[in-house]
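Worksheet: the structure to be examined is printed underneath.
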Amino acid sequence: MDHQNLAVILRAALSPNPDERKAAELSLNQFQHTPQHLVRLLQIIVDGSCDMAVRQVASIHFKNFVAKNWCPHDPAEQSKIMPSDKELVRQNILIFIAQVPSLLRVQLGECLKTMIHADYPEQWPTLLPWVKHNLQDQQVYGALFVLRILSRKYEFKSDEERTPVYHVVEETFPSLLNIFNRLVQIANPSIEVADLIKLICKIFWSSIYLEIPKQLFDPSVFNAWMVLFLNMLERPVPVEGQPTDPELRKSWGWWKVKKWTVHILNRLYTRFGDLKLQNPDNKAFAQMFQKGYAGKILECHLNLLNVIRAGGYLPDRVINLILQYLSNSISKSNMYSLLQPRLDVVLFEVIFPLMCFSDNDQKLWEEDPHEYVRKGYDIIEDLYSPRTAAMDFVSELVRKRGKENLQKFILFIVEIFKRYEEAAPEYKPYRQKDGALLAIGALCDKLKQTEPYKSELERMLVQHVFPEFSSPVGHLRAKAAWVAGQYAHVNFSDPNNFRKALHSVVTGMRDPDLPVRVDSVFALRSFVEACRDLNEIRPILPQLLDEFFKLMNEVENEDLVFTLETIVDKFGEEMAPYALGLCQNLAAAFWKCINMAEAEEEADDPGALAAVGCLRAISTILESVSRLPHLFIHIEPTLLPIMRRMLTTDGQEVFEEVLEIVSYMTFFSPTISMEMWSLWPLMMEALADWAIDFFPNILVPLDNYISRSTAHFLTCKDPDYQQSLWNMISSVMGDKNLEDGDIEPAPKLIQVVFQHCKGQVDHWVEPYIRITIERLRRADKPYLKCLLVQVIADALYYNAPLTLNILQKLGIAAEVFNLWFQMLGQTKKSGARVNFKREHDKKVCCLGLTSLLPLPVDQLPGEALERVFKATLDLLVAYKDQVAEAAKEDEAEDDDDMNGLQSDEDDDEEGSDKEMGDDVEEGDEAESIRLQKLAAQAKAFRSHDEDDDDDSDDDFSDDDEELQSPLDDVDPFIFFVETIKAMQASDPLRFQSLTQTLDFRYQALANGVAQHAEQRRVEIEKEKMEKASATVAS
């Protein structure tokens, strides 16, 4: 297709007629892989006589095609662009990049980025020579534009990957310096000059971001650059041409140059100019920077701050960066001595005014309160905010130089409080009071631990903060709530003061101004955490939750949900009457957040974050009512639509949170409903398709399905869950691309099947053993090897004759047992076992090996019997010692807890009441074990990379110990002794032959195990009787 016909199709793609548009798109798709298609698109983009709208469509199509096809994501996939076409595009795109309008240059820039990342330097060796050549003549802008993209490729690269950038610097920086020098000397420079300087700054930034290129270690070369940067820093921004619109003004070329200059000087100072941080190679550079430039930059920064002190303009980002430089100077003696003479002016006339409520704040508060709230709680906004930088400066100043500054600053704040108190309402400095409250809140940690302020905090709050709860000015009501939240954990000598503040915060949740309501909810979280007597909150709980959900309907914010989680956490089972309503409200809020996020197509917007928070709060509620299974039946219909939709690719962003809900629903519900079973196929599809990273999380509900609804798992044929499980496990364990750590949940699931379906899955034993042995031969990680051997152990415990027959039929019995015994015998230098470290591992192995002992001589010859018998005895002794050691550690922890309960209650640390165990039910330890199961599972199913470390003494790692399975009721000592007794009765000669071959050590071990088995029998009987009497009593 020639380029005229292509232009016609592109014009049709703009048609208001949907049929014409669709036909054009089909044609484009049809011809996009034909030779020279990309070249023709580029011709249209650069053709000045062509309609601008058509050129724009061509540029977008060109960009998308290059992004998708220039370098296919799959290395095995053949590129759909011919090498000759690529070469033509590479030659021509450089020529035209500077000639096209900026609207099109942006699209071509994206293409260049893709091409450079894929091709430079190997497939595009001519790129750097082209840049170097064009920096000498009239194509300077194009060369700088391309060089910026090239240097950015290496911005975050380190070590060897960074090597090409040093060659780029060597070839281009001398020319860049000459261009920069010429541009700086232009009188009355145009905005185009600013664009060129900005590009040079960005190239310099990318080139020095991680490492200083060695060329800049030359003092004369570095000085030449610094002279120019300091010139740009000191030089006033031209007045002529500045936009009046604030948004356009901060993006204006000359202010961008100022921002990038400050950015570069900050980076040089914080990363390369700090002597303490430098390696020996860079020490000389750091000394040169500190001596020659750091002080001069500080002086320029202080002069710039004078501009805003005098009422002039500086962009927020520039102020933020300058204050970061000042904050970094506080701890350095030489820099602090330069700052000190001007410190009071900076602190009281620049920093403090930035902390005060401003005209812009007032405008936003009145015109767009939702945006005011978003900006106030957005972490990204904090990175650019002058107010946050001002707070950070004050915090750093009192932390590092508190002796000479804290008292001075507090006296200044107290003076503002005093002036405010004494002034008539119409003359009160409301905005200054707001700044003073912000300062008090920001210095919370310092004031809570420093006398004389520490003992005056309650009086300060009562006198200067709490009255503002009823201020006629909205922003002061909001700030009072925020400050009260910061200090909620102080010890109030008068409980009425705490009570008053709590009730004021709750009242604030009904304030007419949205920001006050939001700040009140956040403050409430601290009050709930700090509250020692829940009777303060209990009577108002329904009303509080009601206000909470009204606010959630107005604002999507994950911090709101944190407060709800704290309330649920604190009240535990008392939330039962509200559980259903809470889940319904949270589900509604979740759908609202998801719909908004989809509409805006931003995965990281506040709505998406709040959606995650909603699901997390639902999990917290389910956990709090976990001992009330009947509630789960009522809650299930509300949560099912969320689980169904979010277990598909739609839920990738919240998959972990949804799986946690599925885990709770399948574990705590009285029975697993057919509706919940309908989620099984969704999880299997996700696992097969994209969710292998979530396998440990998926394992938890799959375990629950098999263990809690075994009959349905075994009998249902449509779908066939047994077959579905086999398909998934065989696929995962057979996949050679998956690492050992990726597949650990698979053998655990096989164990779940063998343990829970004893005698009912004989036909699956052989397939599972086959796939286990195949994977065992390829396994490297010791932890995976242990899991796979435990599958064999579980199969033996499931049915020893059947399993051994299968091993012998497959001709692998000797291989398996030799490996098993070898692993059992491996020890570290310390004598600790390398494999089967946890109690659970040892127990499974004991039960599997013990199950072999009664087998007849034709299946288990005498020498094999002796070997199994001895290995089992050694393992039982190791198991007994580990259980005893764990019990001793638990006892020590209990003692520590008791000491903790008796410790000083005057602990102001956040969360101290939780550590005191206020919300643990007394005398309900047996029941609470059930509640810990899911937490234990989450821990148990994580990857065990640390097991590869031979030096880690991890013998007592017991991540799986609290997993519930039928093995919990089997005591390995009693099982062993009963098995031996049965063997003695059925085959006395074989038993006699075995015992006679044992040496003294093993005879002693056998007697010890027998005695311990008797002791365990008595203990178990006693535990049963205690449990029975406790049940009767309740």
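Residue numbers for the sequence shown follow our numbering, so the first one is 164 and each next one is one higher. A virtual CB, placed ideally from N, CA and C, is assigned to each residue, including glycine. Computed from a predicted model, the values in this text were never measured in an experiment.
Distance, Cα to Cα, L546 vs R480?
As a first step, residue 546 is located in the sequence shown; it is residue number 383 there, counting from the start. As a first step, residue 480 is located in the sequence shown; it is residue number 317 there, counting from the start. For L546 and R480, the distance between alpha carbons rounds to 8 Å.
Leaving out five residues before and five after K538 in sequence, what residues of the same chain have Cβ atoms less than 6 Å from its Cβ?
In the sequence shown, residue 538 corresponds to position 375, counting from 1. Within the same chain, K538 has close Cβ partners E544.
Helix, strand or coil for R1180 per DSSP?
Translated into the one-based positions of the sequence shown, residue 1180 becomes position 1017. Here R1180 sits in helix by DSSP.
To the nearest angstrom, report how far apart F194 and I172 are at their CA atoms.
By one-based count along the sequence shown, residue 194 stands at place 31. By one-based count along the sequence shown, residue 172 stands at place 9. Cα atoms of F194 and I172: separation of roughly 11 Å, rounded to the nearest angstrom.
From what residue to what residue does the alpha helix (DSSP H) around N297 run?
Counted from its first residue, the sequence shown places residue 297 at position 134. First-last of the alpha helix (DSSP H) with N297: L290 to N297.
With a threshold of 16 other CB atoms inside 10 Å of the CB of H200, please say whether the residue is buried or exposed.
Numbered from 1 along the sequence shown, position 37 holds the residue referred to as residue 200. Buried: at least 16 other Cβ atoms inside 10 Å.
Taking the beta carbon of Q971 as the centre, do at least 16 other beta carbons fall within 10 Å, making it buried, or is it exposed?
Reading the sequence shown from its first residue, position 808 is the one you call residue 971. By the 10 Å Cβ count, Q971 comes out exposed.
Should A773 and E819 be called a contact, given that it needs their Cβ atoms to be closer than 7 Å?
Against the sequence shown, residue 773 aligns to sequence position 610. Against the sequence shown, residue 819 aligns to sequence position 656. Contact: no.
Within 7 Å, strictly: CB atoms of L601 and M518:
As a first step, residue 601 must be located in the sequence shown, where it is residue number 438. As a first step, residue 518 must be located in the sequence shown, where it is residue number 355. Closer than 7 Å, so yes.
Taking only the alpha-carbon atoms, compute the straight-line gap between I1183 and L1038 and give it to the nearest angstrom.
Position 1020 of the sequence shown, counted from the start, is the residue given in the question as residue 1183. Position 875 of the sequence shown, counted from the start, is the residue given in the question as residue 1038. Their backbone Cα atoms lie some 21 Å apart in a straight line.
Taking all protein chains shown into account, decide if W853 is buried (16 or more other Cβ within 10 angstroms of its Cβ) or exposed.
For this step, residue 853 is matched to residue 690 along the sequence shown. W853 should be labelled exposed.
Tell me the rounded alpha-carbon separation between N483 and L489.
For this step, residue 483 is matched to residue 320 along the sequence shown. For this step, residue 489 is matched to residue 326 along the sequence shown. So the two alpha carbons sit approximately 10 Å from each other.
Under the three-state reduction of DSSP, which class applies to D507: helix, strand or coil?
Position 344 of the sequence shown holds residue 507. Per DSSP, reduced to three states, the secondary structure at D507 is helical.
Going by alpha carbons, who is nearest to D322 out of A281, L373 and T277?
The sequence position of residue 322 within the sequence shown is 159, counting from 1. Checking every option, the nearest Cα to that of D322 belongs to L373.
Is it right to say H638 is buried, meaning 16 or more other beta carbons lie within 10 angstroms of its own, or is it exposed?
Numbered from its first residue, the sequence shown carries residue 638 at position 475. H638 is buried by the Cβ-count criterion.
Tell me whether the segment 339–348 and the segment 409–424 touch, counting them as touching only if at least three CB pairs, one residue from each stretch, are closer than 8 Å.
In the pairwise beta carbon analysis, the segment 339–348 is classified as not touching the segment 409–424: fewer than three pairs are separated by under 8 Å.
Going by other Cβ atoms of all chains shown within 10 Å of its Cβ, with 16 needed for buried, is N890 buried or exposed?
Sequence index remark: in the sequence shown, residue 890 carries index 727 (1-based). The residue in question, N890, is exposed, as its Cβ has fewer than 16 Cβ neighbours within 10 Å.
Would you list, in sequence order, the uninterrupted alpha helix (DSSP H) runs of no fewer than 4 residues that lie entirely inside the segment 527–598?
With a minimum length of 4 residues, the continuous alpha helix (DSSP H) runs that stay inside the segment 527–598 are 532–539, 542–547, 549–563 and 565–585.
Excluding the 5 residues preceding and the 5 following P678 in the sequence, name in chain order all residues of the same chain whose CB lies nearer than 8 Å to its CB.
As a working note, residue 678 is residue 515 in the sequence shown. Here the set comprises W528, P532, Y535, V536, G539, G637, H638 and A641.
Residue range of the alpha helix (DSSP H) that includes N981:
Against the sequence shown, residue 981 aligns to sequence position 818. Its alpha helix (DSSP H) spans residues A976 to G988.
So the alpha helix (DSSP H) P792 belongs to, where does it begin and stop?
Within the sequence shown, the letter at position 629 stands for residue 792. In this chain, P792 is not harboured by any alpha helix (DSSP H), its DSSP state being neither H nor E.
Any idea which residues DSSP pairs R807 with across the strands?
For this step, residue 807 is matched to residue 644 along the sequence shown. Answer by DSSP bridge pairing: none, since R807 is not bridged.
Inter-residue Cα distance where the pair is A587 and E816
Sequence index remark: in the sequence shown, residue 587 carries index 424 (1-based). Sequence index remark: in the sequence shown, residue 816 carries index 653 (1-based). Each residue's Cα considered, the two are about 54 Å apart.
Rounded to a whole number of angstroms, what is the C-alpha to C-alpha distance between Q747 and I796?
Working through the sequence shown from its first residue, we reach residue 747 at position 584. Working through the sequence shown from its first residue, we reach residue 796 at position 633. Rounded to the nearest angstrom, the gap between the Cα atoms of Q747 and I796 is 14 Å.
Leaving out the 5 sequence neighbours to the left and right, which residues in its chain are closer than 8 Å to F984 when beta-carbon positions are compared?
The count along the sequence shown starts at 1 and reaches residue 984 at position 821. R1030 and A1034.
Alpha carbon to alpha carbon, how far is A1145 from L965? Give it in angstroms, no decimals.
On the sequence shown, residue 965 is found 802 positions in, with the first residue counted as 1. On the sequence shown, residue 1145 is found 982 positions in, with the first residue counted as 1. A direct Cα-Cα distance of roughly 19 Å separates L965 from A1145.
Residue of L310, H280, Y304 and A281 minimising C-alpha distance to P292
Here residue 292 refers to the residue found at position 129 when the sequence shown is read from its first residue. The shortest C-alpha separation from P292 is found at L310.
Quick check on DSSP: helix, strand or coil for K880?
Within the sequence shown, the letter at position 717 stands for residue 880. In this structure, K880 counts as strand in the three-state DSSP scheme.
Would you mind giving the Cβ-Cβ distance between V825 and T783, rounded to the nearest angstrom? I have them listed as a contact below 8 Å.
One-based indexing of the sequence shown puts residue 825 at position 662. One-based indexing of the sequence shown puts residue 783 at position 620. V825 to T783, Cβ: 15 Å. No contact.
Beta-carbon proximity check, R1180 vs I1143, cutoff 7 Å
Here residue 1180 is taken as the residue at index 1017 of the sequence shown, counted from 1. Here residue 1143 is taken as the residue at index 980 of the sequence shown, counted from 1. Here R1180 is not near I1143, since their CB atoms are 7 Å or more apart.
Only counting the same chain, and skipping five residues up and downstream in sequence, which positions put a Cβ closer than 7 Å to that of L727?
Position 564 of the sequence shown, counted from the start, is the residue given in the question as residue 727. F711 and A780.
Please identify the residue among K609, I869 and N227 whose C-alpha is closest to the C-alpha of I835.
Mapped onto the sequence shown, residue 835 falls at position 672. Measuring from the Cα of I835, the nearest candidate turns out to be I869.
At which residues does the alpha helix (DSSP H) containing W388 begin and terminate?
Within the sequence shown, the letter at position 225 stands for residue 388. Its alpha helix (DSSP H) spans residues P382 to E397.
Quick one: residues in its chain with C-beta nearer than 6 Å to the C-beta of W368, no 5 flanking neighbours on either side, listed in chain order?
Locating residue 368 in the sequence shown gives position 205, counting from the first residue. I427.
Taking 7 Å as the threshold (C-beta atoms), are I312 and K361 in contact?
Here residue 361 refers to the residue found at position 198 when the sequence shown is read from its first residue. Here residue 312 refers to the residue found at position 149 when the sequence shown is read from its first residue. No.
Locate the alpha helix (DSSP H) running through W415, then write down its first and last residues.
Your numbering for residue 415 matches position 252 in the sequence shown. Per DSSP, W415 belongs to no alpha helix (DSSP H) and is neither H nor E.
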